[in-house]
Amino acid sequence: MQKVPALKIKPVDFENSEILEHLVALENGRDVLEALTLMIERAGLGIGDRLPPEIEIAKKLNVGRSKVREALIAWQNMGIVTRNKKAGTRLAAEVSSNDLHMPLTLKLEAESLLRTHAVRRPLEIEVVRVACRNVTAQQGRIILARAAELMASYEAGEDWRRADHRFHIAIYEASGNPLFEQLIRQIQEGFNAIYEAPFGRAHLGQATIPLHLPLAKAIVAGEVKIAIAYMEQIMDMVETEVREVMKEQS
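With the working numbering as the guide, the letters of the sequence shown map in order to residues 2 to 251.
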């Protein structure tokens, strides 16, 4: 039997004062990730390389181990690292600025958002398809009411995010399959655990709001193709907006 060569672990120099010189009090998970991102880039780590243990990272950053764990779990949920007891925490995505001129932390945020969006897209489309077939009269009235609430918040210039959440919950419930809500919520929480407002823009995707009312009407009417077309357009618009932000910052 051919002997498998031992995996080489790249040494990480986190003692370098240049790496640590700018690190100040880290107030939240986002701060921890920004500091960790800089450390990884300057240490020259690449895909497959292992990060130091949580306790070592916490010591270097002068924060509690729980904050480091929360940050790394968020990265795991976004596909940036993989974590297990035997192999430790390893990079699964490139943490490097490459040729982009945009800030590295913003680049990671954008790439993470696009990854979560790519996973969420087929789920959102499928839940619409199923909801069109399973929606009851009562659920239809709730979906239309939630759509009206969303449009009222949007037209009044208010924060429409909670109304948008309630609208989508009504669609998930109409599908009759609670797994849709659970899976999509897990995807969102993975990103929102650190990035409460993507790019600091609380209303990312606002241009899609006017499409939600015709989407609601199509679902209630059981018009599968039309409803799916609206959901696909909504998802396309959000992705386009994310990519435009990346271009603006590069």
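Every residue, glycine too, gets a C-beta built ideally from N, C-alpha and C.
For residue 135, three-class secondary structure by DSSP = helix
Could you have a look at residue 63 and say whether DSSP puts it in helix, strand or coil?
-> coil
Within 7 angstroms, strictly: CB atoms of residue 143 and residue 92 = no
Would the beta-carbon of residue 148 fall within 7 angstroms of that of residue 72?
-> no
Rounded to the nearest angstrom, how far is the Cβ of residue 151 from that of residue 210, given a contact under 8 angstroms?
-> 7 angstroms
Where does residue 85 sit, in a helix, a strand or coil, going by DSSP?
-> strand
Which same chain residues, not among the five before or five after residue 89, have their C-beta less than 8 angstroms away from its C-beta?
-> 51, 52, 54
Pull up the CB-CB distance for residue 172 and residue 129, whole angstroms please, since I reckon it's below 8 angstroms.
-> 7 angstroms
Beta-ladder partner(s) of residue 38, from DSSP | Partner(s): none; residue 38 has no beta bridge.
Would you check if the distance between the CB atom of residue 77 and the CB atom of residue 84 is smaller than 7 angstroms?
-> yes
Does DSSP put residue 52 in a helix, in a strand, or in coil?
-> coil
Could you give the DSSP three-state label for residue 205: helix, strand or coil?
-> coil
Spatial neighbours of residue 135 within its chain, please: CB distance less than 8 angstroms, with the 5 preceding and 5 following residues excluded, ordered by chain position.
-> 175, 176, 177
Determine the direct distance from the alpha carbon of residue 228 to that of residue 249, and round the result to whole angstroms.
-> 32 angstroms
So what's residue 216 in DSSP terms, helix, strand or just coil?
-> helix
Buried or exposed (CB count within 10 angstroms, at least 16 for buried), residue 138 | exposed
Among the residues of its own chain, which have a CB less than 7 angstroms from the CB of residue 184, if the five just before and after it don't count?
-> 124
Report yes or no: do three or more beta-carbon pairs, one from the stretch 240-249 and one from the stretch 154-171, lie closer than 8 angstroms?
-> no
For residue 214, which residues from the same chain have a beta carbon less than 6 angstroms from its beta carbon, with the 5 sequence-adjacent residues on both sides left out?
-> 148, 152
DSSP three-state call for residue 92: helix, strand or coil?
-> strand
Grouping DSSP H, G and I as helix and E and B as strand, with all else coil, what is residue 228?
-> helix
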